[in-house]
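A.B. asks:
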Amino acid sequence: MRKLLARIGDMVGTDHGGKRYTYGNDPKFGPVSTSRLPSHWVRTTCGYCSVGCGMLLGVRDGRAVAAKGDPDHPVNRGRLCPKGLSEHHTLAAPGRLTDPLVRRNGRLVATGWDDALGEMVTRFGRLIEEHGPESVAVISTGQLVTEEFYALGKLVRLGMRLAHFDGNTTLCMSSAVSGYKQAFGSDGPPGSYADLDQADCIVLIGANVADNHPLLTPRLLENRAATSIVIDPRVTKTAMVADQHLAIRPRTDITLLNGIIKLVIDWDMIDHGFVAEHTEGYAELADHVQQFDLDRVERECGIPASAVAKAARTIAEAKRCTVAWTMGVNHSVQGTETVALVCALSAITGNLGRPGSSPFSITGQCNAMGTREAGFTASMPGYRSYENAHDRAELAQLWNVTEDRLPLVRGRAYPDIINGIIDGRIRGLWVIATNPVVSFPNRDLLEFALAKLDTLVVQDGFSTPTSDLADIVLAAGIWGEKEGTFTNSERRVSRVRAACRPPGNARTDFDIFMDVARRWGVHDDLFAGWATPADAFEEWRRVSHGRLCDYSGITYERIDASGGVQWPCPTDEPVPLGGTPRLYTDGVVPTPSGRVRLACVTPKPFSEQPNRRYPFTLNTGRTVEHWHTRTKTGEVPILDSLSPQAWIEVHPDDANQLGIRVGDTVRVSSERGAIDGIGVRITSIVRRGEVFVPFHFDEMCANRLTLNEFDPVSREPNYKQCAVRIDTGAKGR
Ligand code: SF4
60 MRKLLARIGD MVGTDHGGKR YTYGNDPKFG PVSTSRLPSH WVRTTCGYCS VGCGMLLGVR
120 DGRAVAAKGD PDHPVNRGRL CPKGLSEHHT LAAPGRLTDP LVRRNGRLVA TGWDDALGEM
180 VTRFGRLIEE HGPESVAVIS TGQLVTEEFY ALGKLVRLGM RLAHFDGNTT LCMSSAVSGY
240 KQAFGSDGPP GSYADLDQAD CIVLIGANVA DNHPLLTPRL LENRAATSIV IDPRVTKTAM
300 VADQHLAIRP RTDITLLNGI IKLVIDWDMI DHGFVAEHTE GYAELADHVQ QFDLDRVERE
360 CGIPASAVAK AARTIAEAKR CTVAWTMGVN HSVQGTETVA LVCALSAITG NLGRPGSSPF
420 SITGQCNAMG TREAGFTASM PGYRSYENAH DRAELAQLWN VTEDRLPLVR GRAYPDIING
480 IIDGRIRGLW VIATNPVVSF PNRDLLEFAL AKLDTLVVQD GFSTPTSDLA DIVLAAGIWG
540 EKEGTFTNSE RRVSRVRAAC RPPGNARTDF DIFMDVARRW GVHDDLFAGW ATPADAFEEW
600 RRVSHGRLCD YSGITYERID ASGGVQWPCP TDEPVPLGGT PRLYTDGVVP TPSGRVRLAC
660 VTPKPFSEQP NRRYPFTLNT GRTVEHWHTR TKTGEVPILD SLSPQAWIEV HPDDANQLGI
720 RVGDTVRVSS ERGAIDGIGV RITSIVRRGE VFVPFHFDEM CANRLTLNEF DPVSREPNYK
780 QCAVRIDTGA KGR
């Protein structure tokens, strides 16, 4: 029976119109259409989220016609979520760009690569000549393969000598990076997905994995020995399957974490040995948390004291506790500090470097991790510091360039690039595979900034609201059309393979970068002998050797043999075939003292509290059917029909007071902008006084409402809390 079901799973799919069809010629399965029968399957990795599921992409006549989970991949063992199962539909979607475009007389018109890249190089070159290398910036993405991102960093910072290079990853996980650096002295998630299987307590803070990282949810459900605790203001799908749900008031996670730490200390349930040998700052922390007694925690967090104590007791008594988080923690002006506090809780309970025990940041995009490691945004490649003399000398020697060729400081982070455009210092912008018009907070201000640019170049596989504003559009290949690697949240490097060619005259990002390098006159200098992404990978392996994120022992062949390899994987030490499951197994971390720095964190109320004019607190987030700004998932009919438009969740008591009913449409507005005609869902998923809107939708863009406030260290936006009002009588769409 299992075999039969597996076979049906392999053979039955859904076409663009939602009709069922079959692959193959077995009469048991009804009418046969051979047009979608794959002639072969290509082994690759999903191009959406950072779970990093292994996938088989079915190909026929040069087109991707099917997708199924790779039964041999260590992450997902044959499963895929709805996005992964339908990902092949994105490749031949109607919104794909097939030619480069250049704006002529106000309109974007198709042109050739010589024209588009020639104009880009001329315009950027002129800006740099007239206004210096500070005047052109690049915003990249976690959608590139590591090989492309590594090449792009060299091109932009060493070749074009541009001062400012960052990525959309700053919008989702830069606080995890900064928080890890504060606590452990380096970025790098210490744990593995296996920790979710091995833990006897799993805490998820601001992490609705059921919607955002769907293939982690089975691990929660299947580890029946573990007690799961979800800390989230909403009764999310993840909260619904948890053993304990702490429905916290917005941005009171710091108070709650301090309160839990106080209880663990008061009960004398810390790991004394680990604290003594592997931490610093314990006395200060123990003193600091005294102010967070249960009465205060109950009052500020809105959670009964008994529920807080129960959760704290579960964490304290656990032999193996994994605390994982995502955007509910990161999307805050105190994101870095909150991450550091999570790491402190893990450290004082001895939950670091052991199976089932880690503070674990679940990353966002499919290759956000690869971009963290391959560098030239927050750090230089291999987590090297811009300021560290040894790191600079080592890199210069590896690349056979003089040290003065390397940048002395990191460039502006993403929000500061936007600020630089507004104040007139940045006049040219190259945006690669991201869609800031929909994804950046405070959309009106962002659109104002983009309109000020002298030259906006957008490189993407799809026509987007951002490419619509560009002067030059570079038509790029996407996942499924290119070769390389992605690194997932647990540091696992997996292969990404081309199943088909980019459409029309579109080119892979790698080919575009190499062509720009040639036209800029730096190809032979920086990329001599490079023909394919594999050449970039070979160099990256050498450059990462000896670093925490050591890829030197990872080869494409080793990945093929294991399904995916977790770094560090040095060449000069014995490492299991699948790599290193966890960091810091000896308790020693890369701070100067080798000890975990325990953070004392004081909560600050978020700046825009609900008030008479704007009485509700807005929370934003995602839904399982869509990815980011729907550039890809909006083109997949089955996903689009499941979730075609945004909605607002309103508590029944608030709906009653406002006089709105299910199916009504309303206007939601903040100090910055408004969404008209959004449909209402009346639900106790949200607390009274709080509302929720998914952020994926261009037409009803949640970022018309959000604040432009950022974490001072990581520069990650505070997408989660701002004050809004709801007005009835708005027309629906
Ligand atoms: Fe892709 Fe993430 Fe879904 Fe896995 S869970 S199939 S990686 S979107």
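When you line the sequence shown up against our numbering, it's residues 60 to 792, in that order. A virtual CB, placed ideally from N, CA and C, is assigned to each residue, including glycine.
(1) Could you give the residue range of the alpha helix (DSSP H) that holds I737?
(2) For the candidate residues G409, L528 and D450, whose alpha-carbon lies nearest to that of G165?
(3) So D475 and T408 are supposed to be a Cβ contact under 8 Å. How far apart are they, rounded?
(4) Between which residues of its own chain and H710 is the CB-CB distance below 6 Å, once the five residues before and five after are set aside?
(5) Report the option in G113, D770 and R763 whose CA atom is closest to the CA atom of F499.
(6) Using only the heavy atoms of the ligand SF4, determine whether one of them is closer than 6 Å to the beta carbon of L344.
(7) With a threshold of 8 Å, are at least 3 pairs of Cβ atoms found where one atom belongs to the stretch 484 to 503 and the other to the stretch 449 to 459?
(8) Relative to the C-alpha of G412, which residue among K511, G247, R283 and H582 is closest?
(9) Do Y473 and the ligand SF4 come close, with the Cβ less than 6 Å from some heavy atom?
(10) What distance in whole Å lies between the Cβ atoms of R600 and Y615, which are believed to be in contact at a cut-off of 8 Å?
(11) Is the separation between the beta-carbon of P159 and that of L515 shorter than 7 Å?
(12) At the level of alpha carbons, what is the spacing between A383 and S234?
(13) State the start and end residues of the unbroken beta strand (DSSP E) segment that holds H223.
(14) Would you list the one or two residues that DSSP bridges to T679?
(15) Work out the CA separation of F545 and S251 for me, nearest whole Å.
(16) By the three-class DSSP mapping on this structure, what secondary structure does G128 have?
(17) Can you tell me whether T157 is buried or exposed? The criterion is at least 16 other CB atoms within 10 Å of its CB, across all chains shown.
(18) Name all residues in chain order for which at least one heavy atom of the ligand SF4 lies closer than 5 Å to the residue's CB.
(19) If you draw a straight line from the alpha carbon of H148 to that of G226, how long is it in whole angstroms?
(20) Assuming V180 and W579 form a contact by the criterion Cβ under 8 Å, report the distance between their Cβ atoms to the nearest whole angstrom.
(21) Would you call Y82 buried or exposed, if buried means 16 or more other Cβ atoms sit within 10 Å of its Cβ?
(22) So, does the CB of A492 fall closer than 7 Å to a CB anywhere in chain D?
(23) Nearest-angstrom Cα distance between Q349 and N389?
(24) Go to M114, then tell me how far its beta strand (DSSP E) extends in each direction, as first and last residue.
(25) Taking just the CA atoms, how far does T742 sit from H304?
(26) E339 by DSSP, collapsed to three states: which one?
(27) Would you give the residue range spanned by the beta strand (DSSP E) that D770 belongs to?
(28) Select from L144, V118, G111 and F521 the residue whose C-alpha is nearest the C-alpha of K127.
(29) Go through its chain and collect everything with a Cβ distance to P273's Cβ below 7 Å, but skip five positions before and after it.
C.D. replies: So, from the listed chains and residues:
(1) Taken as a continuous stretch (DSSP letters only), I737 belongs to no alpha helix (DSSP H), being part of the beta strand (DSSP E) at A733 to I741.
(2) L528
(3) 37 Å between Cβ atoms; not a contact.
(4) V745 and R747
(5) R763
(6) no
(7) no
(8) G247
(9) no
(10) Y615 to R600, Cβ: 10 Å. No contact.
(11) no
(12) 14 Å
(13) H223 to G226
(14) V752
(15) 16 Å
(16) strand
(17) exposed
(18) C105, Y107, C108, V110, C112, L139, C140, K142, G143, P273 and L274
(19) 26 Å
(20) 6 Å
(21) Low confidence applies to Y82: its pLDDT is 35, below 50, so where it sits in the model is not reliable, and the reading given next is rough at best. Buried, by the Cβ-count rule.
(22) Within the model displayed, chain D is absent; a lone protein chain is all it includes.
(23) 25 Å
(24) G113 to R119
(25) 17 Å
(26) strand
(27) No beta strand (DSSP E) contains D770, which DSSP labels as neither H nor E.
(28) L144
(29) C140 and V683
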